[in-house]
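Respectively, the protein sequence lines represent chains A and B.
FYI, my numbering numbers position 18 of the first sequence as 262, with every residue one higher than the one before it.
FYI, my numbering numbers position 52 of the second sequence as 296, with every residue one higher than the one before it.
Idealized CB from N, CA, C, for every residue including glycine.
2 protein chains.
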Amino acid sequence: MELRTLKYFIVIAEELNITKASKILMIQQPPLSNQIKNLEDELKTKLFIRGKRQLKLTEEGKYLYQKAKDILRLVDETKSEIHNMSLGLKGVISIGLVEGMAPDIAANWISSFMIKYPLVKFRVIDGNSDDLIEKMRSGLISLAVITAPYDQILLNSIKVGEEKMVAFLNKSHHLADNKKDFITLDELANEPLIIPSRKTHIDTIKKWFKKNRKEPNIVCEMDNYLDAIALANRNVGVSIFPKTEYVLNSSIISKDIGEINANIEYLFVWRKGHQLSIIEDNFIDHIKAVVNHK
Amino acid sequence: MELRTLKYFIVIAEELNITKASKILMIQQPPLSNQIKNLEDELKTKLFIRGKRQLKLTEEGKYLYQKAKDILRLVDETKSEIHNMSLGLKGVISIGLVEGMAPDIAANWISSFMIKYPLVKFRVIDGNSDDLIEKMRSGLISLAVITAPYDQILLNSIKVGEEKMVAFLNKSHHLADNKKDFITLDELANEPLIIPSRKTHIDTIKKWFKKNRKEPNIVCEMDNYLDAIALANRNVGVSIFPKTEYVLNSSIISKDIGEINANIEYLFVWRKGHQLSIIEDNFIDHIKAVVNHK
DNA sequence: GTCTATCATATCTTTTTTGTATGATAAATG
DNA sequence: CATTTATCATACAAAAAAGATATGATAGAC
Numbered sequence: 245m246e247l248r249t250l251k252y253f254i255v256i257a258e259e260l261n262i263t264k265a266s267k268i269l270m271i272q273q274p275p276l277s278n279q280i281k282n283l284e285d286e287l288k289t290k291l292f293i294r295g296k297r298q299l300k301l302t303e304e305g306k307y308l309y310q311k312a313k314d315i316l317r318l319v320d321e322t323k324s325e326i327h328n329m330s331l332g333l334k335g336v337i338s339i340g341l342v343e344g345m346a347p348d349i350a351a352n353w354i355s356s357f358m359i360k361y362p363l364v365k366f367r368v369i370d371g372n373s374d375d376l377i378e379k380m381r382s383g384l385i386s387l388a389v390i391t392a393p394y395d396q397i398l399l400n401s402i403k404v405g406e407e408k409m410v411a412f413l414n415k416s417h418h419l420a421d422n423k424k425d426f427i428t429l430d431e432l433a434n435e436p437l438i439i440p441s442r443k444t445h446i447d448t449i450k451k452w453f454k455k456n457r458k459e460p461n462i463v464c465e466m467d468n469y470l471d472a473i474a475l476a477n478r479n480v481g482v483s484i485f486p487k488t489e490y491v492l493n494s495s496i497i498s499k500d501i502g503e504i505n506a507n508i509e510y511l512f513v514w515r516k517g518h519q520l521s522i523i524e525d526n527f528i529d530h531i532k533a534v535v536n537h538k
Numbered sequence: 245m246e247l248r249t250l251k252y253f254i255v256i257a258e259e260l261n262i263t264k265a266s267k268i269l270m271i272q273q274p275p276l277s278n279q280i281k282n283l284e285d286e287l288k289t290k291l292f293i294r295g296k297r298q299l300k301l302t303e304e305g306k307y308l309y310q311k312a313k314d315i316l317r318l319v320d321e322t323k324s325e326i327h328n329m330s331l332g333l334k335g336v337i338s339i340g341l342v343e344g345m346a347p348d349i350a351a352n353w354i355s356s357f358m359i360k361y362p363l364v365k366f367r368v369i370d371g372n373s374d375d376l377i378e379k380m381r382s383g384l385i386s387l388a389v390i391t392a393p394y395d396q397i398l399l400n401s402i403k404v405g406e407e408k409m410v411a412f413l414n415k416s417h418h419l420a421d422n423k424k425d426f427i428t429l430d431e432l433a434n435e436p437l438i439i440p441s442r443k444t445h446i447d448t449i450k451k452w453f454k455k456n457r458k459e460p461n462i463v464c465e466m467d468n469y470l471d472a473i474a475l476a477n478r479n480v481g482v483s484i485f486p487k488t489e490y491v492l493n494s495s496i497i498s499k500d501i502g503e504i505n506a507n508i509e510y511l512f513v514w515r516k517g518h519q520l521s522i523i524e525d526n527f528i529d530h531i532k533a534v535v536n537h538k
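Here it is as structure tokens:
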């Protein structure tokens, strides 16, 4: 069975007259008769009752008529959807988001992009920066918001946000009490620390202490931000993580870390030298526009 | 475009290798290359990225792969249904199930129906309500369980379940702490919201707030229930979605929304004004009987 | 540098579809 | 009731499409 056959069948079912149908289809009548005969043979069912001077659909014929229209409509819609896709109006954008501020940053882009491109859907992939970079390398995702640093050979980037690394500690912690709104590295050197497990972060934090000729007491490297907060909340120690104000609850407070520049950058990244889909290109343009207007 | 072409395309899309595909299809490789080339010409889009030694599907190719399988399945089911038409005792029932409680509801029907009609097989199609309605409109499926509302011109319906819309939020969220087991709309008005992308849900939620003279701060519309939960888990904001207890995990909690009637209805629906197969008719009767006996 | 795997192109062959001619049937017409 | 007309079916030729064979191009693998 081919789509051509179904098209022919539909016209005949509507006209109930092979000759007229053949004129509409601009082919001759005998081939049309043949096509229907072959279709009936293939389905092992009569589709028409050849009565007297007029055709009539059998029950099977009526059923096929509906389904044939469904099938052809589905085919047509598929064609036009693919056309929309190739114009960059429709599709799915998969974007990796690191924990922290990234989902918040991206939510803004997504909601404004959706107004312009209502047919586009989003798929969010979670993970830490290293996970996401690995997923980009393997081609699983093409777009992401991660924290610096990153592989500049592999990825293009735009800076889209900045955040302080701060110390999280429970209200009842002895360092929480003092009146300063920052903690010194000397104070931190005596505390058990919970820090992000990303290698570059560990290195950075070690460097801070090395400058002050101290050794950090890292008791726990955590992948997950929320778990780290939970540990700080239980007074296991002080967590050093990006501030991200909206996750704070009442029992935990954050303090700046004195003496050092503890900023981390959020970067929107996409794969270099790799053919992106047209929607992805449009989305990147959109982000560039948003970032530049600020 | 013909069905033959789609069959060929599917095998190539699965093998990502024209030579292997040609062996599976038992034709030679050059005509296969040609068919794909013609298909691409017809659609005015590249379906494969010819990279180095391996083929890769483009976004358009991936889309066509899904649709081509839908189309061929519809054709096969139509053929076999025409075969079985007079019997009504065997065949395949395709039913769409929305995420949430629908699979649970349908499981009951299916198991009791199978006792009565042991030769009938089921095929379940997943998707959100809008997807499923779209598939019903396009004739891909004739039966589904979706959430209200729906197009009453297109579909007949029976109410088969009800569930609350609730707010999902991370344990550490400041609104999670208070002792009430519900959240007021005033509280929600200040929060970033993640809500189902379905238009009617957005409208409903806006109406809730309008009654209280507030404006909701919708930061993300998500198609996918689990992704929405993931974002809530990341404290991007509060997700408003149907409760469905079995997806809850330990770090996320749900709260009722005060002041409003936030129920959503589950409906069993089937296509209006369309001749269904005899098994499908039997299945609808079965469901009516089950629902009425409760 | 040669070999191998893979896809593309060119050309010929086969199959399928379409067209033409014609026959069969039965309702409409005079 | 014979003739005309409308309609579908069958037979066979022509055209188009699909498939096969041979071969070329390219880029990893060896």
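Which first and last residues belong to the beta strand (DSSP E) in which residue i is found?
i, result
"residue 388 of chain B", "387 to 391"
"residue 410 of chain B", "399 to 414"
"residue 435 of chain A", "Premise fails: residue 435 of chain A is in no beta strand (DSSP E) and is neither H nor E."
"residue 361 of chain B", "Segment: none, residue 361 of chain B is in no beta strand (DSSP E) and carries neither H nor E."
"residue 379 of chain A", "Not the beta strand (DSSP E): residue 379 of chain A falls in the alpha helix (DSSP H), residues 373 to 381."
"residue 341 of chain A", "335 to 341"
Using the rule of at least 16 other Cβ atoms within 10 Å of the residue's Cβ for burial, across every protein chain shown, is residue i buried or exposed?
i, result
"residue 279 of chain B", "buried"
"residue 314 of chain A", "buried"
"residue 386 of chain A", "buried"
"residue 268 of chain B", "exposed"
"residue 383 of chain B", "buried"
"residue 478 of chain B", "buried"
"residue 537 of chain B", "exposed"
"residue 322 of chain B", "buried"
"residue 417 of chain B", "buried"
"residue 486 of chain B", "buried"
"residue 426 of chain B", "exposed"
Within 8 Å of any Cβ in chain A, is that where the Cβ of residue i sits?
i, result
"residue 294 of chain B", "no"
"residue 463 of chain B", "yes"
"residue 230 of chain B", "Chain B is shown only over 245 to 538; residue 230 of chain B falls outside these bounds and no answer can be derived."
"residue 211 of chain B", "Residue 211 of chain B lies beyond the residue range present for chain B, which begins at 245 and ends at 538; the question has no answer from this structure."
"residue 297 of chain B", "no"
"residue 518 of chain B", "yes"
Counting only Cβ pairs nearer than 9 Å, list the residues of chain A close to residue i.
i, result
"residue 311 of chain B", "318, 319, 321, 322, 325, 326"
"residue 382 of chain B", "314, 317, 318, 321"
Looking only at its chain, what residues have a beta carbon closer than 7 Å to the beta carbon of residue i, apart from the 5 residues adjacent to it on each side?
i, result
"residue 303 of chain B", "none"
"residue 405 of chain A", "345, 349, 510"
"residue 539 of chain B", "With chain B running from 245 to 538 in the structure shown, residue 539 of chain B is simply not present."
"residue 266 of chain A", "272, 273, 276"
"residue 325 of chain B", "335, 521"
"residue 476 of chain B", "412, 413, 414, 438, 482, 483, 496"
"residue 286 of chain B", "245"
Answer with yes or no whether the minimum CB distance from residue i to chain B is below 8 Å.
i, result
"residue 481 of chain A", "no"
"residue 315 of chain A", "yes"
"residue 347 of chain A", "yes"
"residue 377 of chain A", "no"
"residue 343 of chain A", "yes"
"residue 470 of chain A", "yes"
"residue 351 of chain A", "yes"
"residue 355 of chain A", "yes"
"residue 498 of chain A", "no"
"residue 466 of chain A", "no"
Short of 6 Å in beta carbon distance, which residues of its chain neighbour residue i, apart from the five on each side in sequence? Order them along the chain.
i, result
"residue 401 of chain A", "511, 513"
"residue 530 of chain A", "357"
"residue 392 of chain B", "509, 511"
Could you list which residues in chain B have their beta carbon closer than 7 Å to that of residue i, in chain order?
i, result
"residue 289 of chain A", "326"
Please work out which residues of its chain come closer than 8 Å, Cβ to Cβ, to residue i, disregarding the five sequence neighbours upstream and downstream, and give them in chain order.
i, result
"residue 435 of chain A", "419, 461, 481, 482"
"residue 534 of chain A", "352, 353, 356"
"residue 456 of chain A", "429, 430, 433, 503"
Quick one: which chain A residues come within Cβ less than 8 Å of residue i?
i, result
"residue 474 of chain B", "368, 370"
"residue 245 of chain B", "247, 319, 323"
"residue 442 of chain B", "Correct list: empty, because the minimum Cβ distance to chain A is about 12 Å."
Start and end of the alpha helix (DSSP H) containing residue i?
i, result
"residue 329 of chain A", "303 to 330"
"residue 248 of chain B", "247 to 259"
"residue 480 of chain B", "Residue 480 of chain B -> no alpha helix (DSSP H), and no H or E assigned at all."
Is residue i near the ligand MG, with its Cβ less than 7 Å from a heavy atom?
i, result
"residue 270 of chain A", "Within the structure as shown, the ligand MG is missing, as the structure has no ligands at all."
Could you work out which residues of chain A lie near residue i, taking near to mean beta carbons separated by less than 7 Å?
i, result
"residue 329 of chain B", "303, 304, 307"
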